[in-house]
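Below is one structure, written out as structure tokens, with a few remarks after it.
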Amino acid sequence: MSYTPFWNPLPVWQYWYLLLIPLSLGISIVYKCVKCHSMKSVPREAAVIFMTIIIGMVLAAAALMGVTRLLEQR
Amino acid sequence: MSSAPERSYSPPAPLVALVAWLIPGAGYLLIGQRARGLTVGITILCLFIGGLLIGGIRVIDSPWIESPAQTAERLRREEISKVHLNPLQSLLQKPWFIGQALAGPIALIANKIGVSWERPAATPPAATDRDSATLREGAPFSHSRVYEIGTLYTAVAGMLNLLAIIDSAYRASNQNQR
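Chains as they are written, first to last, in the working numbering: chain R, 28 to 101; chain Z, 896 to 1073.
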């Protein structure tokens, strides 16, 4: 099935979780634009919060996977 | 150091809030914070349009803007269940739309386009039963993860715009008090 923008969904069934990365980036940029007094500090602060979100999500996913595996073994 | 405005006149906060809802980031532009306004506006619009590209235009699904096929289906269900939902109850059935609508009129326009969009000529009609084939359905709904991610993108864009609306209105009121 060919992809028609806005009509068909993006064919990313296997890699949907990677779409959380640009979402996190957008959230980081807007949040820091609102929060920072000076726009000059936004790129650095947004990069820090972006990395924090990504690392936090990866750790949460790993922890949940561990819990799931543990429950499967019981 | 600060990108604070150099203007002497500052528009009233409610006007700034309204403009910020109409066009994401425009509230900051109105109070003279150009870099902040452009960054916020472009990011929010990219997230919103990204959501439409990921899940299809029907990720914007309001309880009040329906295709003729959706209306017929809703009426049929109401007739069977004898339950008629008021507008607030309908909204609570589709709570994601609250977030999506905060992105501004672009959400309403996308919803309207989605329900009235004709099937592309190359694609044959998929509906097999006579009733749904005769009633216009609009663009198709996507399913599964891509629908969820598309909905998430558009709703998050709207909620970030709410943050920008509140902040730009607050900054405008602070400027007025000085």
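The beta-carbon is built from N, C-alpha and C at its ideal position, and this holds for glycine as well.
Straight-line measurement puts the Cα of ILE949(Z) at about 23 angstroms from the Cα of TRP959(Z). Counting along the chain, the unbroken alpha helix (DSSP H) around TYR58(R) starts and ends at 47-62. If you ignore the 5 residues before and after PHE77(R), its C-beta comes within less than 7 angstroms of the C-beta of SER51, LEU52, SER55, all in its own chain and listed in chain order. Under a criterion of Cβ atoms nearer than 9 angstroms, the residues of chain Z adjacent to GLY53(R) are, in order, THR938, ILE939, CYS941, LEU942, GLY945, TYR1048, VAL1051, ALA1052, LEU1055.
A straight-line Cα-Cα distance of about 11 angstroms links ILE944(Z) and ALA998(Z). Per DSSP, the continuous alpha helix (DSSP H) segment holding VAL935(Z) begins and ends at 929-950. Straight through space, the alpha carbons of ARG101(R) and LEU1003(Z) are spaced by roughly 50 angstroms.
LEU942(Z) is positioned such that its CB atom lies no closer than 8 angstroms to that of VAL1041(Z).
By the criterion of a C-beta distance shorter than 7 angstroms, LEU940(Z) is surrounded in its chain by PRO919, once the five residues flanking it on both sides are discounted. Counting the other Cβ atoms within 10 Å of the Cβ of GLN1070(Z) gives 16 or more, which makes it buried. Short of 8 angstroms from the beta carbon of PRO982(Z), and not among the five residues preceding or following it, lie these beta carbons of its own chain, in chain order: PRO958, TRP959.
Neighbours of ILE56(R) in chain Z, taken as residues at a C-beta separation under 7 angstroms, are given in chain order as THR934, THR938. Using a CB distance below 9 angstroms, no part of the segment 73-97 of chain R faces chain Z. LEU1058(Z) and LEU913(Z) have their alpha carbons spaced roughly 13 angstroms apart. Taking the C-beta atoms as reference points, ALA915(Z) is found no nearer than 8 angstroms to ILE952(Z). Annotation for ILE937(Z): GLY920 place their beta carbon closer than 8 angstroms to its own, counting only its chain and skipping 5 residues before and after. Within chain R, the C-beta atoms nearer than 7 angstroms to that of SER1037(Z) come from PRO36, in chain order. Take SER985(Z), set aside five residues on each side of it, and the residues of its chain with a beta-carbon closer than 6 angstroms to its own are PRO958, in chain order. DSSP places PRO990(Z) in the coil class of the three-state scheme, outside both helix and strand. Contact between ALA1067(Z) and PRO906(Z) holds, with the beta-carbon distance rounding to 6 angstroms and staying under 8 angstroms. Contacts between ALA1034(Z) and chain R, judged by CB atoms closer than 8 angstroms, involve PHE33, TRP34 in chain order. The continuous alpha helix (DSSP H) containing TYR1042(Z) extends over residues 1039-1072. With contacts defined as CB atoms closer than 8 angstroms, CYS60(R) and THR966(Z) fail to qualify as a contacting pair.
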